[in-house]
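Numbering (the working numbering), first residue to last: 64 to 306. These notes are about the structure you will find just below.
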Amino acid sequence: MGKIKTLEEYLAENNFLREAAEFHFKLEKNLTEVEPLELPPREKVLELVRAEKIPLLQQEKFQAQVLDAVEKFLPRDLAESLLRQENLSAKKICAAHELNETLTRKTFWATVDKLIPADLKLWERDDWQENYCPICGRRPVMAQLKKFNDGRERRLLCGGCRTLWSWRRVGCPYCGNENLERIHILELDKKMRLDVCDECRAYLKTYTDEDEENIYLRDWATLHLDLLAEEKTLHKCGAVELE
Ligand SMILES: [Zn+2]
Ligand SMILES: [Zn+2]
């Protein structure tokens, strides 16, 4: 096993990512004062979410907590549209306020990420079985294959609030296709691969190792793989800057 790399070392080797990195570091720095929300204890959250499979932040009470917390940064109606993933309305409000939509989306979701307490960001196999994030309801942006008992389990990563949840090993989380003959894998790197669905043409960037989550579970840190996928006319799903 090789030495665990730091993000800095990784960026030194991948200089083309420097600009994206600077942008995200700056964004995080601007949000250092955002404190996690006061939410019910984990067991209670699980119960609340699993009752009707409605993600926590799509429930009125908790949605209001998020909107109160982000009011300093964003107009409330805009935050509400973004949180509910009402894309058309978010687009209109951004235009009316002359806000850059991509930047606004990234800022909003980076803030939501900070608002969620760390103990709610990992959901085990029995906790949740859906293909959308139990906390915010977004579709996953990436995945990780991680050692689990004698085999490996697949975890999906939410690009919005950055929650990870265990999901079945086989199948496209976007269209539900489970036919192995209609899914293929592109091994692009020692540590990353694309799981491509031949039904909906979506791909899922998957980190196939562990210990370097700080690098490989950041969507922007493997932008070059998205470019490769784009060349193959595959679709990216679940990214915060996309609808
Ligand atoms: Zn989420
Ligand atoms: Zn699919």
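In this text, a Cβ means the ideal position worked out from N, Cα and C, and glycines have one as well. In this text, all values refer to a predicted model and were calculated from it rather than measured experimentally.
Give me the Cβ distance between residue 235 and residue 246, rounded to the nearest whole Å; I'm assuming they're in contact under 8 Å. If you number the sequence shown from 1, residue 235 lands on position 172. If you number the sequence shown from 1, residue 246 lands on position 183. So it is a contact: roughly 6 Å between Cβ atoms.
So what's residue 184 in DSSP terms, helix, strand or just coil? By 1-based counting over the sequence shown, the position of residue 184 is 121. Residue state, collapsed to three classes: coil.
Within the segment 249–294, note down every full beta strand (DSSP E) run reaching 3 residues or more, in order along the chain. Runs of the beta strand (DSSP E) inside the segment 249–294: 255–260, 265–270.
Closest by CA to residue 201, which one among 175, 190, 68? Translated into the one-based positions of the sequence shown, residue 201 becomes position 138. Nearest of 175, 190, 68 to residue 201, Cα basis: 175.
Of the residues 121, 103, 285, which one's Cα is nearest the Cα of residue 182? One-based indexing of the sequence shown puts residue 182 at position 119. Ranking the options by Cα distance to residue 182, first place goes to 103.
At least three beta-carbon pairs within less than 8 Å, the segment 110–120 to the segment 191–200: A contact between stretches requires three or more CB pairs, one per stretch, nearer than 8 Å, and the segment 110–120 meets this requirement with the segment 191–200.
Minimum C-alpha distance to residue 261 - residue among 273, 248, 252: What you label residue 261 is simply residue 198 of the sequence shown in a count that begins at 1. For the residues 273, 248, 252, the minimum Cα distance to residue 261 belongs to 248.
Please state whether DSSP places residue 209 in a helix, a strand or coil. In the sequence shown, residue 209 corresponds to position 146, counting from 1. Strand at residue 209.
Which of the three DSSP states, helix, strand or coil, is assigned to residue 218? Looking up residue 218 in the sequence shown gives position 155. Judged by DSSP in its simplified three-state form, residue 218 adopts strand.
How big is the Cα-Cα spacing for residue 129 and residue 268? For the purposes of this step, residue 129 is taken as the residue at position 66 of the sequence shown. For the purposes of this step, residue 268 is taken as the residue at position 205 of the sequence shown. Going from the Cα of residue 129 to the Cα of residue 268 covers about 29 Å.
Give me the Cα-Cα distance between residue 171 and residue 145, rounded to the nearest whole angstrom. Your numbering for residue 171 matches position 108 in the sequence shown. Your numbering for residue 145 matches position 82 in the sequence shown. When rounded, the distance between both Cα atoms is 8 Å.
Alpha carbon to alpha carbon, how far is residue 274 from residue 159? In the sequence shown, the residue the question calls residue 274 occupies position 211. In the sequence shown, the residue the question calls residue 159 occupies position 96. Taking C-alpha positions only, residue 274 is separated from residue 159 by approximately 44 Å.
State yes or no: is the C-beta of residue 131 within less than 8 Å of the C-beta of residue 156? Taking the first residue of the sequence shown as 1, we reach residue 131 at position 68. Taking the first residue of the sequence shown as 1, we reach residue 156 at position 93. Not a contact, by the Cβ cut-off of 8 Å.
Between the beta-carbon of residue 184 and the beta-carbon of residue 226, is there less than 8 Å? For the purposes of this step, residue 184 is identified with residue 121 of the sequence shown, where counting begins at 1. For the purposes of this step, residue 226 is identified with residue 163 of the sequence shown, where counting begins at 1. The answer is yes: Cβ separation under 8 Å.
Is residue 219 closer than 8 Å to residue 230 when the C-beta atoms are compared? Against the sequence shown, residue 230 aligns to sequence position 167. Against the sequence shown, residue 219 aligns to sequence position 156. Result yes, Cβ atoms of residue 230 and residue 219 sit closer than 8 Å.
Applying the criterion that 16 or more other CB atoms from any shown protein chain within 10 Å of the CB defines a buried residue, is residue 265 buried or exposed? By 1-based counting over the sequence shown, the position of residue 265 is 202. So residue 265 ends up on the buried side.
Close Cβ partners of residue 135 (< 8 Å) along its chain, the five nearest in sequence each way excluded: For the purposes of this step, residue 135 is taken as the residue at position 72 of the sequence shown. The answer is none, since no qualifying residue turns up.
What do you reckon, is the C-beta of residue 265 under 7 Å from a heavy atom of ligand 2? Taking the sequence shown and counting its residues from 1, one reaches residue 265 at position 202. Residue 265 Cβ: within cutoff of ligand 2.
Can you tell me whether DSSP reads residue 117 as helix, strand or coil? On the sequence shown, position 54 is the one that residue 117 refers to. Residue 117: coil per DSSP, three-state reduction.
Can you tell which of 138, 295, 123, 259 has its C-alpha closest to the C-alpha of residue 240? As a working mapping, residue 240 is identified with position 177 in the sequence shown. Nearest Cα to residue 240 within the set 138, 295, 123, 259: 259.
Helix, strand or coil at residue 299 according to DSSP, with G and I counted as helix: As a first step, residue 299 must be located in the sequence shown, where it is residue number 236. Strand, per DSSP.
Between residue 359 and residue 222, what straight-line distance do the alpha-carbon atoms span, to the nearest angstrom? Residue 359 falls outside the range modelled here, since the chain spans only 64 to 306, and no answer is possible.
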